[in-house]
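One structure is given here, and the rest of the page talks about it.
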Amino acid sequence: MTKKPPSLVIVGRPNVGKSTLFNRLTGTRRSIVTDEPGITRDRIYGKADWRGYSFEIVDTGGIVPDDKALIPTEILRQAHVAIDKAALLLLVVDSHAGITPLDEELARLLRSTGKPFFVAVNKVDSPQQESNAANFHRLGVPVFPVTAEHGTGVDDLLDAAIAEVYDGSALAEEDATPGDTNDEGGPVEIAIIGRPNVGKSTLLNRLVGEERSIVSPVPGTTMDTVDTEVTRDGRVYRFVDTAGIRRKGKTNLVAEKLSVVMARRGLERADVALLVVDSEQGVTQGDAQIASYAEESGRSVVIVMNKWDLAAEAARQASARDADTTKGRARRRPDEKHKFDEVDKSKLLFDYEKMVRGKLKFLSYAPIIFISAKTGERAQKIYPLIDQVAAARKRHISTPDLNRWLKEEVDLQRGSTPKARPVRIYYITQAKTSPPTFLLFTNQKQPLHFSFERFLENQLRGKFDFKGTPVRFVQRLRKREGRGRPEE
Ligand code: GDP
């Protein structure tokens, strides 16, 4: 016997359009006429199939008692058995009527079941109605504007239902670009990328040299592709394509080209990219180009400012020269020697970080570390950063946590451009990890403005730890018509 699909139970006061929505969801026309006296219609069952997933759809609440005070109890009584077995509750309300006391009472009763719960605001057929629909957010659960009559909004409702019941990953294949499959345990795969001579090989030696490491050819590739594995505190780190990192170009031009090819190749297989930059030279055009590949690849990134010994020394000398000028001497007491002290060092770090951030704006999420691969200074501190950004890449936030955050902590109007149509997000779910990708159900017919996405990303990062990993948003654009009319 096949397993029964999860139940989506429709609840609502009379005349809000429950039957029409039921028909729309199940794609059938229900045969029982509801307003005939004497017909008991406690529950009606149907089936919805959507994107390869099924739901049992249960419509409840057939008989309405004359005594108004009894209505909510009666609706709930009729829905009772169905609610017990429900995977998801759907309260249907009428956008023309606004929130009635009965809607509120039903919402309260449904909430008390502790089950996942959506509101479908029916009869939303004009922009005016859409803004009315927004009022229903007050009920404190995800709100979906629909027109059951025409099927508008029903797709989104079903998609969100799938996300809620089957987990957001159910929608991943369709909406997100494929991620890597290396999500369960296993080693962290790391690509060391950067321009020629920034110190990639030296860093690799430093990172693997002090550990027991094994070099292994990669199956199915040419002989020159080898990875190096290191075990550290029980964790396995695999540096990919280490032969490539060590290989040097014969001329500058060849080396430059090779470094780009190697970066792209390494990124394909990695979870984490260590973007190595020569601190003495600062961030060049070439660095920025390789950095942009890292960003596009969706890998987590750590910016490694190498040769910090040289940069610090240069700064110290410059400072000493400055101190030797007449002006500098005038500030010092005659017996006082110029020192490059801790304050100078931290100011130097601060200035450098600002410079790097300014040149690599698109990697604002990546942590920066200042090291010397040659002296080993701070090099081992790269490992905890790798752990951190690799974990962020695989982080999955539950749908209830995301929607609670969205509702309680995000003021969407702050992110909207003044003249644009105010953005509403009805529902958010994380469709996949590696990198974290969020599916948004909005009131927008056009893709979200870049600045709005940026705003949302910042808010998300302020709440959840996605340090070092890019995050992506995929927006479900609202379509005018939904599922085909049942009559057809
Ligand atoms: P790659 O082409 O990126 O692999 O760079 P290499 O690792 O071959 O390093 C290029 C040169 O920079 C070598 O001469 C290294 O000794 C030197 N180098 C690498 N890292 C450092 C560092 O942290 N400080 C200093 N002073 N020199 C470094």
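Taking numbering that gives the first Met the number 0, the leading residue of the sequence shown gets 0, the next gets one more, and so forth. A virtual CB, placed ideally from N, CA and C, is assigned to each residue, including glycine. Just so it is clear, the structure is predicted and the values come from calculations on it, not from any experiment.
Near the ligand GDP: residue i beta-carbon under 6 Å from a heavy atom
i, result
"T201", "yes"
"L347", "no"
"G285", "no"
"L274", "no"
"S278", "no"
"V239", "no"
"L309", "yes"
"V500", "The structure shown does not extend to residue 500, since the chain is modelled only from 0 to 487, so the question has no answer here."
"A372", "yes"
"V207", "no"
"V301", "no"
"G243", "no"
"V355", "no"
"K380", "no"
"G265", "no"
"K306", "yes"
Proximity test, Cβ basis, 7 Å: residue i and chain D
i, result
"K122", "Included in the structure is just one protein chain, with no chain D present."
Residue nearest to residue i in terms of C-alpha spacing, selected from the options
i, options, result
"P434", "R137, F440, V300", "V300"
"S278", "K306, K393, S397, K373", "K306"
"F143", "A293, I161, V123", "V123"
"I370", "Y382, L362, F361, D386", "Y382"
"A47", "L7, I74, V229", "L7"
"G11", "Y52, Q412, A106, F339", "A106"
"T201", "K406, F463, A372, R392", "A372"
"I375", "R205, Q127, D350", "Note that residue 375 is Gly in the sequence shown, not Ile. Nearest of R205, Q127, D350 to G375, Cα basis: R205."
"Y425", "L438, T432, K346, Y292", "L438"
"E295", "R460, G357, R471", "R471"
"L411", "N457, R394, K380", "N457"
"N14", "P186, A81, T99", "T99"
"Q284", "S345, N22, L359, G185", "L359"
"D400", "T416, K462, D386, K431", "K462"
"S94", "A313, V473, S125, K199", "S125"
"D343", "A365, R356, A317", "A317"
Within 7 Å, strictly: CB atoms of residue i and residue j
i, j, result
"T25", "I56", "yes"
"F54", "P115", "no"
"G297", "P469", "yes"
"L90", "V118", "yes"
"V527", "V271", "Beyond the ends of the chain as shown, which are 0 and 487, falls residue 527; an answer cannot be given."
"I367", "L274", "no"
"F339", "R315", "yes"
"L88", "E163", "no"
"D58", "I9", "yes"
"Q443", "I396", "no"
"Y44", "Y165", "no"
Residue(s) in a DSSP beta bridge with residue i
i, result
"K431", "T436"
"P144", "V120"
"W49", "Y52"
Anticipated Cβ contact below 8 Å, residue i with residue j, distance rounded
i, j, result
"V239", "I289", "Not confirmed; about 15 Å, so no contact."
"I20", "A147", "A small correction: the amino acid at residue 20 is Leu; Ile does not occupy that position in the sequence shown. That belief holds up - the Cβ atoms of L20 and A147 are roughly 4 Å apart, short of 8 Å."
"A311", "L347", "7 Å"
"S291", "F361", "7 Å"
"V145", "V120", "7 Å"
"G248", "A242", "Between A242 and G248 the Cβ distance is about 14 Å, and since that is not below 8 Å, they are no contact."
"E228", "P186", "7 Å"
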